[in-house]
Amino acid sequence: MNKRISIVTGAAKGIGKAIVERFVNDNYFVVAVDEDEENGNKLSSEFGADKVKFIKADICNEKDVQVLFEKVKTEFSRVDVLVNNAGIIRDNMIWNMPVEDFDLVVNINLKGTWLMCREAGKLMKQQNGGRIVNIASRAWLGNRGQSNYSASKAGVVGMTRVLALELGKYNVCVNAIAPGLIDTPLTQKLEKEVLQKLIDAQPTRTMGLPADVANAVAFLSSDKTQFITGQTLYVDGGKSIGAGI
Ligand SMILES: NC(=O)c1ccc[n+]([C@@H]2O[C@H](COP(=O)([O-])OP(=O)(O)OC[C@H]3O[C@@H](n4cnc5c(N)ncnc54)[C@H](O)[C@@H]3O)[C@@H](O)[C@H]2O)c1
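Letter 180 of the sequence shown, counting from 1, is numbered 364 in my numbering, and no numbers are missing.
Printed below as a string of structure tokens:
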């Protein structure tokens, strides 16, 4: 296939779906990965089976990830871009947080991303080229009620830096994006008043759109960014600068 091949996790909705759309518009072939089969299956009909293939996988299951990469290697023989976007939240103050919610968040956000990076890293090293973009979060800097989530995303930032060191000489660039408040099914679950407070604390007084993150992903995935690696790019309306109110 002449098109660049990308894998996007958490592709069924929210930011992941916007990344799929952006890649389709940029003439990539997209392997869309999610455990949500119902929404994932709709992607090929929405964007075209010649542009998007959905594969169901749970990214924190080692076997699922290995089978996924076997399928991709058999069908396409290479991967140009991996975007690790799948992630969840289970917020609570630490004194109320069950250990299961710590394990679940770290397992999906950090271990799942690591498993995907390991398989992509082997393949990209072999093919001597590639891009990995990890979706972290501005919350890695710290958010009350997110000791599990912030820790998992800080782990993603640290891992991104290490993989940039390990894969650099094989022409593989590894970067992270740290989104702030983005309008997706994940944030639509927040209580209205809580959401308004978060918006009021933004320097821009707005939420970002999934496409804002997808645009940054497109930049870091491009073959024009071979000298940018190990970096974390904030897409957060300025929230990471400091207090907005
Ligand atoms: N929305 C925000 O404000 C925001 C801010 C910062 C960072 N992020 C990060 O962006 C990413 C996407 O967030 P979103 O808001 O679009 O979330 P979302 O809940 O709308 O979508 C996440 C997708 O990931 C999939 N997923 C979850 N666990 C999975 C697993 N184990 N295997 C495969 N797929 C799995 C879900 O099925 C879902 O389709 C996440 O990593 C999130 O932490 C989001």
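Yeah, the Cβ is synthetic: ideal placement off N, Cα and C, and Gly gets one too.
Here the structure is a predicted model, which is why all the values come from computation and not from measurement.
Asked	Found
Between which two residues does the beta strand (DSSP E) holding R389 run?	Element bounds for R389: n/a, residue is neither H nor E.
Using the Cα positions of A348 and V356, report the straight-line distance between them to the nearest angstrom.	7 Å
Suppose you measure from the CA of K226 to the CA of W298; what does that come to, to the nearest Å?	27 Å
How close, in whole Å, do the beta carbons of I272 and I292 come, if the pair is a contact with beta carbons under 8 Å?	5 Å
Quick check on the DSSP output: the beta strand (DSSP E) that includes S190 runs from which residue to which?	I189 to T193
From this set, A335, Q386 and G392, which residue's C-alpha is nearest A202's C-alpha?	G392
Is the beta carbon of T193 sitting closer than 8 Å to the one on N268?	yes
Measure the CB-CB distance between C301 and I316 and report whether it falls below 8 Å.	yes
What residue does the alpha helix (DSSP H) around C244 start on, and which one ends it?	Unbroken run through C244: none, as it is neither H nor E.
Can you give me the Cβ contacts of G339 inside the same chain, cut-off strictly under 6 Å, excluding the 5 residues immediately before and after it?	L294
Flag A144 as yes when its Cβ comes closer than 7 Å to any non-hydrogen atom of ligand 1, and as no otherwise.	Within the shown structure, residues of the chain are numbered from 185 to 429, placing residue 144 beyond reach of any answer.
Please indicate yes or no: does the CB of G198 lie closer than 7 Å to some heavy atom of ligand 1?	yes
Which residues share a DSSP beta bridge with F213?	I189
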